[in-house]
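By the numbering used here, the letter at position 114 of the sequence shown is numbered 160, and the numbering carries on one by one without gaps.
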Amino acid sequence: MRFKNFILILITLLLAGCSADSLRSEVGEGEFAKLQQMAQEKIGATGEFQTDDFDVTEFLTTWNFNNLPPEERAEFYKETPLSDGTLLREYKFVIEEKEIEVAPGLFYPAWSYNGQVPGPTIRATEGDTLKITFVNNGSKPHSVHFHGFHPAAMDGSAPDQMVLTGETFVYEFKAEPFGTHVYHCHSYPVSQHISKGLYGSYIVDPRIDTRPVPDKELVMVMNGFDVNFDGANEIYAVNTRAFAYAYEPIKVKKGELVRIHLSNMLEFDLVNSFHLHANFFDEYPTGTSLEPDNYTDIIILGQAERSILDMRFREPGMYMFHAHTTEFAELGWMGMFMVEDLGGNAPVNNNMTHGEN
Numbered sequence: 047m048r049f050k051n052f053i054l055i056l057i058t059l060l061l062a063g064c065s066a067d068s069l070r071s072e073v074g075e076g077e078f079a080k081l082q083q084m085a086q087e088k089i090g091a092t093g094e095f096q097t098d099d100f101d102v103t104e105f106l107t108t109w110n111f112n113n114l115p116p117e118e119r120a121e122f123y124k125e126t127p128l129s130d131g132t133l134l135r136e137y138k139f140v141i142e143e144k145e146i147e148v149a150p151g152l153f154y155p156a157w158s159y160n161g162q163v164p165g166p167t168i169r170a171t172e173g174d175t176l177k178i179t180f181v182n183n184g185s186k187p188h189s190v191h192f193h194g195f196h197p198a199a200m201d202g203s204a205p206d207q208m209v210l211t212g213e214t215f216v217y218e219f220k221a222e223p224f225g226t227h228v229y230h231c232h233s234y235p236v237s238q239h240i241s242k243g244l245y246g247s248y249i250v251d252p253r254i255d256t257r258p259v260p261d262k263e264l265v266m267v268m269n270g271f272d273v274n275f276d277g278a279n280e281i282y283a284v285n286t287r288a289f290a291y292a293y294e295p296i297k298v299k300k301g302e303l304v305r306i307h308l309s310n311m312l313e314f315d316l317v318n319s320f321h322l323h324a325n326f327f328d329e330y331p332t333g334t335s336l337e338p339d340n341y342t343d344i345i346i347l348g349q350a351e352r353s354i355l356d357m358r359f360r361e362p363g364m365y366m367f368h369a370h371t372t373e374f375a376e377l378g379w380m381g382m383f384m385v386e387d388l389g390g391n392a393p394v395n396n397n398m399t400h401g402e403n
């Protein structure tokens, strides 16, 4: 049985095994119509999030710890120009075991990089040198495995490359190839370490970029959570919090180029998907080409697959995006774009409201 009491307040029309016809006859046509309308209006999570330690809107545009004040940022990120015109980018990643709120009032015992799920987004330019100081403050052996080019000794996947509790390891390699990538823990069992939250985005910009210049860039990690530990997900989301962007729609402007760095880090389900309503987008699979390979409104990704999506909205209004495995959408993986016109006038957000407690 799916653990849905935290996430859906859909009014089920087949109450207690009754058919829709028997329910209609029992409550009357008028009340039946009200129940149907309520079922549409009250989809979503009940209540409000109790914690504010993870800002889903801020996460969309945060990389290299650019959301932190300079002094605090310097503890986790530093860049130094090198003689060949590239940068040395230094990061500090720390394993932290932490309860995170994945739906209003519902907490999950996560394993995290730097206290957040997804972990911090790394962003570099092709050819830069990355140096990540990794500190394991957790209770299990952990690692960081990057998708991309690097020496075998930096892979973070072999048994002798696991970083034990209380130990530190330094990963160092060139940022290649350009594209939108991921990183994750490769300790065993890998399925447990990924499902517990140890993953994040790793973006490498091309040194010579001929793609259109985006007006806004967003990082989205599709994920899920097995909150009752039965080996199946009960929460689905983009950037961890169920329905987060339904209640706090992503604001963009009509006509501007919006670029999404999308990745799928969902465990236990074979595939995930992204569907955009009333619009299409250019897709750059893995982001490793300067020309788009697809023009569509839906893509399907396996675990650790990723793509860059470029889109423009023609008209102002509220536009839905969600997984097109509808169960995922109904359990939290759904959001909205709020498209403003060039004058800055925003449409009224009357599409989604929090359910009553």
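Don't be surprised by glycine CBs; every beta carbon is placed ideally from N, CA and C.
**Asked** In its own chain, which residues sit with a C-beta less than 6 Å from the C-beta of F374, not counting the 5 before and 5 after it?
**Response** Y282
**Collapsed DSSP secondary structure at E77 in the structure displayed** = helix
**Request:** Tell me whether the beta-carbon of V228 lies closer than 8 Å to the beta-carbon of L264.
**Result:** no
**A292 beta carbon less than 8 Å from that of M380** = yes
**Request:** Take every Cβ of the region 321-333, pair it with every Cβ of the region 265-275, and state whether three or more of those distances are shorter than 8 Å.
**Result:** no
**Prompt:** In the DSSP assignment, what residue or residues form a beta bridge with M384?
**Reply:** K297, M364
**Prompt:** DSSP three-state call for F122: helix, strand or coil?
**Reply:** helix
**Item:** Outcome for Y365 when other beta-carbon atoms lying within 10 angstroms are tallied against a minimum of 16
**Value:** buried
**Message:** In this structure, how does DSSP classify A204 when only helix, strand and coil are distinguished?
**Reply:** coil
**Asked** My guess is that G378 and A288 are in contact by the Cβ rule of under 8 Å, so how many angstroms apart are they, rounded?
**Response** 3 Å
**Request:** Report yes if the CB atom of A350 is closer than 8 Å to the CB atom of H188, and no otherwise.
**Result:** no
**Asked** Do L152 and N182 come within 8 Å of each other at the CB atom, strictly closer than that value?
**Response** no
**Exposed unless 16 or more other CB atoms sit within 10 angstroms - verdict on K242** = buried
**Request:** Using the Cα positions of E361 and E302, report the straight-line distance between them to the nearest angstrom.
**Result:** 11 Å
**Prompt:** Comparing alpha-carbon positions, which option in I146, A199, L355, I240 lies nearest D98?
**Reply:** I146
**Message:** Check this for me: beta carbons of T226 and G333, under 8 Å apart or not?
**Reply:** yes
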